[in-house]
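Enquirer: Attaching a single structure in structure tokens format; questions to follow.
Protein chains in written order, with the numbering used here: chain H, -12 to 259; chain Z, 0 to 406.
Structure follows, in structure tokens:
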């Protein structure tokens, strides 16, 4: 079938970052339909490990949809159909033998709007390890929670009020709490769906700093509307337009010499 | 300026709207006050009662110590009353004098003697119930039940200090009776409580489980659509239809004992089930989807996400809906008439399979009786029913506040 054949992406040379680091996520010929509407056309991309990949593009271009394919979050949407092949470490995520719950434990997600559980800060972070049985006992669980909060750069701010509700934190703190919650289950990949769109510039800078630290250990994929943010934090950038992946390449190359006219127009702010 | 006129008009419209709103609230409040005042005034006589305190000689000739149950306690009481009026001698007059006593005048005496047989042969001072006509007369109501002589005797007793006024514990502690002064609502109250327990025990788990499945797990197809439409239709079915259903299914097919809290509770559970399902679904739907996504995002299974996060957040809404549904069931009369809960039952029910009636049916039963005292008891029962309903609503508000979480 024509739909299934991988499409060559218009890039002068393969991205350097992919050559340097092993690909963590590989998508081949991915199509996503919402009912009759096709949201993603025949998408193929490789996402490097221990690096930050940014998806940019105008609203409704399918970047969030593709992001949600990677941890099969689209399964929960009625009428959404995903075809094609997506592999994580070479294993097909649509494999019948693969448990979607296990997949989501390996592929953490941070959402656009901070969505801590209406429970205590401790419980927010402890929830994941608890349901996956990651902690041997109570002290072990406490260790995991503290470590996750430290990695998310939130521990110093909340160490005296671990039992207070997570919803009482500021927006930026809530988002870092959500990142800590995602880290706590020991994922390999962290998906971030416009994590800073609801935050002020200072909180945004804090999160970007955090992303920079986290990429030492994780494969991070971030969807963003801010070109500056993509340029600041990412190693690889992919530009989406109307459900098509238009261009993908090393961030510094892409922002200085985009190959496609549409990419250039978008980056320079002529549309979108 | 036309612009200025426009602004003026806008403010005028706003003032007018506020006035309409105030008027609406005023009218409703007035109606409510009128209703409550009317009921309260009618109910007043029921809450207080006059009793004569007489010293009765427990005559061993009339009360056999070997078989005290068979004794003529009423005869003793009548004698004690006659002792107050030595000049009343003729047979007709004695009968008229005894007419101011209740048919249950000797109940207190009998209880005391049965509890302590050593009283036989001694003088015992006991409160003696008057009949409802005498009681009403003493409260200052016009009554056609008494003759002028009887009224004069009552006045004389009052003057002697034999008659005293007290809180009518009878009304709260007795079952139903043919005699208005003896009739109480304990039977109906216990019946209501037992019925509601059955209703809640059935409707709450069934309703919440159905709502959870339909809202969170069921595939969206024509079958679930049909089910959903039918649940909404069921909520609008007249309650008496559920009574007929209960009669046909529970009584005739399954042979559940009639007139019992068990069958009443079953029927009312059917009645409130759609309400609970609809309220629970609305509560589940109002939980932000981001919470569920967050749980799924850290690798919770669908069921874990629902049971750990969605359901706890929906509980205040579910409780509110349930309590409102139960409050409706508590005030329901029509379906219970169909399954025999309208029977005249003197005994206070002791279990789910004892014949019983419930508060609204008791109101219905008493409102039909001609005696003035029963009319007053009807009003008093309504007040009690309203108090129970207020208590339920207060509980609903308390639970909602208690479990509510903010974010």
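For each residue, glycine too, the CB sits at the ideal point set by N, CA and C.
Look at residue 44 of chain H and residue 50 of chain H and say whether their C-beta atoms are less than 8 Å apart.
Expert: Result yes, Cβ atoms of residue 44 of chain H and residue 50 of chain H sit closer than 8 Å.
Enquirer: Does DSSP put residue 425 of chain Z in a helix, in a strand, or in coil?
Expert: There is no way to answer for residue 425 of chain Z, as the model of chain Z reaches only from 0 to 406.
Enquirer: Please check if any C-beta of chain H sits within less than 8 Å of the C-beta of residue 305 of chain Z.
Expert: So no, residue 305 of chain Z is outside the interface.
Enquirer: Indicate whether at least one CB of chain H lies closer than 8 Å to the CB of residue 238 of chain Z.
Expert: No - not a single Cβ of chain H is within 8 Å of the one on residue 238 of chain Z.
Enquirer: Under 8 Å between beta-carbons, which chain Z residues line up against residue 92 of chain H? List them in chain order, please.
Expert: Under the 8 Å cutoff, chain Z gives 297, 298.
Enquirer: State the DSSP-derived secondary structure class of residue 90 of chain H, mapped to helix, strand or coil.
Expert: Residue 90 of chain H: helix per DSSP, three-state reduction.
Enquirer: Report the neighbours of residue 102 of chain H on chain Z: residues whose CB is nearer than 8 Å to its CB, in chain order.
Expert: By Cβ distance, chain Z contributes 287, 289, 290, 292, 293.
Enquirer: Hey, is residue -7 of chain H's beta-carbon within less than 8 Å of any beta-carbon in chain Z?
Expert: Low local confidence applies: a pLDDT of 43 at residue -7 of chain H is under 50, so the model's placement there is unreliable, and no value is given.
Enquirer: If we call anything under 8 Å between Cβ atoms a contact, is residue 128 of chain Z one with residue 260 of chain Z?
Expert: No; because the gap between Cβ atoms is not below 8 Å, this pair is not in contact.
Enquirer: Please name the residue or residues paired with residue 53 of chain Z in a DSSP beta bridge.
Expert: BP columns for residue 53 of chain Z point to Z/125.
Enquirer: Taking the alpha carbon of residue 274 of chain H as the point to measure from, which residue in H/21, H/40, H/213, H/228 has its own alpha carbon closest?
Expert: Lying before the first or after the last residue shown, residue 274 of chain H is absent from chain H, which here runs from -12 to 259.
Enquirer: Under a CB-based cut-off of 8 Å, is residue 109 of chain H close to chain Z?
Expert: Residue 109 of chain H does not count as touching chain Z.
Enquirer: Might you give, ordered along the chain, the residues of its own chain that have their beta carbon closer than 7 Å to the beta carbon of residue 58 of chain H, omitting 5 neighbours on each side?
Expert: Excluding residues within five positions, the ones whose Cβ falls inside 7 Å are 90, 91, 94, 96, 178.
Enquirer: Roughly how many angstroms separate the alpha carbons of residue 127 of chain H and residue 120 of chain H, rounded to a whole number?
Expert: Those two C-alpha atoms are separated by around 11 Å.
Enquirer: Which residue from Z/94, Z/371, Z/358, Z/74 puts its Cα closest to that of residue 380 of chain Z?
Expert: Of Z/94, Z/371, Z/358, Z/74, the residue nearest in Cα terms is Z/358.
Enquirer: Under 8 Å by Cβ, that's how I've got residue 62 of chain H and residue 11 of chain H pegged, so tell me the actual separation to the nearest angstrom.
Expert: Not confirmed; about 21 Å, so no contact.
Enquirer: Are the C-beta of residue 88 of chain H and some C-beta of chain Z separated by less than 8 Å?
Expert: So, interface residue.
Enquirer: Just to check my reading of the structure: residue 175 of chain Z and residue 186 of chain Z have Cβ atoms closer than 8 Å, yes? What is that Cβ distance to the nearest angstrom?
Expert: Their Cβ separation, rounded to whole angstroms, is 6 Å, which keeps residue 175 of chain Z and residue 186 of chain Z in contact under 8 Å.
Enquirer: Following a CB-centred definition, is residue 253 of chain H positioned closer than 7 Å to any heavy atom of the ligand SAM?
Expert: Looking at this structure, you won't find the ligand SAM or any other ligand, since it has none at all.
Enquirer: Who are the near neighbours of residue 230 of chain Z in its chain, counting only those whose CB is closer than 6 Å to its CB and skipping five residues on each side?
Expert: Result list for residue 230 of chain Z: 273, 276, in chain order.
Enquirer: Return yes when the Cβ of residue 197 of chain Z is within less than 8 Å of the Cβ of residue 264 of chain Z, no when it is not.
Expert: Cβ atoms of residue 264 of chain Z and residue 197 of chain Z: closer than 8 Å.
Enquirer: Below 8 Å on the Cβ atoms is my contact criterion, and I expect residue 375 of chain Z with residue 141 of chain Z to pass it. Report the Cβ-Cβ distance as a whole number of Å.
Expert: 14 Å between Cβ atoms; not a contact.
Enquirer: Are any of the Cβ atoms in chain H nearer than 8 Å to that of residue 211 of chain Z?
Expert: Output row for residue 211 of chain Z: interface = no.
Enquirer: I need the straight-line Cα distance from residue -10 of chain H to residue 142 of chain H, nearest angstrom please.
Expert: With a pLDDT of only 42 at residue -10 of chain H, under the threshold of 50, the placement of this residue in the model should not be trusted; the figure read from the coordinates follows. Answer to the nearest angstrom: the Cα atoms are 48 Å apart.
Enquirer: Listed in chain order, which residues of the region 112 to 126 of chain H have Cβ atoms closer than 8 Å to some Cβ of chain Z?
Expert: Cβ contacts with chain Z come from 114, 115, 118, 119.
Enquirer: Please report the straight-line C-alpha distance between residue 289 of chain Z and residue 212 of chain H, rounded to a whole angstrom.
Expert: Taking the straight line from one Cα to the other gives about 20 Å.
Enquirer: Under 9 Å between beta-carbons, which chain Z residues line up against residue 96 of chain H? List them in chain order, please.
Expert: 292, 293, 295, 296, 297, listed in chain order.
Enquirer: Starting from the Cα of residue 65 of chain Z, find the closest Cα among Z/304, Z/119, Z/262 and give me that residue.
Expert: Cα-wise, what sits closest to residue 65 of chain Z is Z/119.
Enquirer: Which residues, taken in chain order from the region 164 to 182 of chain H, show a beta carbon closer than 8 Å to some beta carbon of chain Z?
Expert: Listed in sequence order: 165, 168, 169, 171, 172.
Enquirer: Expressed to the nearest angstrom, what Euclidean distance is found between the alpha-carbon atoms of residue 256 of chain Z and residue 246 of chain Z?
Expert: Using only the alpha carbons, I get a separation of about 11 Å.
Enquirer: Once you ignore the five residues that flank residue 243 of chain H on each side, which residues in its own chain have a CB closer than 6 Å to its CB?
Expert: Excluding positions up to five away in sequence, the list is empty.
Enquirer: Please classify residue 72 of chain Z: is it buried, with 16 or more other beta-carbons within 10 angstroms of its beta-carbon, or exposed?
Expert: With 16 or more other Cβ atoms within 10 Å, it is buried.
Enquirer: Measuring alpha carbon to alpha carbon, tell me which of H/138, H/98, H/84 ends up nearest residue 197 of chain H.
Expert: Checked all of H/138, H/98, H/84; the closest Cα to residue 197 of chain H is H/138.
Enquirer: Report yes or no: is there a C-beta of chain Z within less than 8 Å of the C-beta of residue 185 of chain H?
Expert: So no, residue 185 of chain H is outside the interface.
Enquirer: Contact check, residue 98 of chain H vs residue 292 of chain Z under 8 Å by CB: the rounded distance?
Expert: Going by Cβ atoms, the distance from residue 98 of chain H to residue 292 of chain Z rounds to 6 Å, so yes, they are a contact pair.
Enquirer: Let me know the alpha helix (DSSP H) ranges lying completely inside the region 120 to 173 of chain H, each 4 residues or longer, listed in chain order.
Expert: Counting only runs of 4 or more, we get 125 to 138, 142 to 145, 158 to 171.
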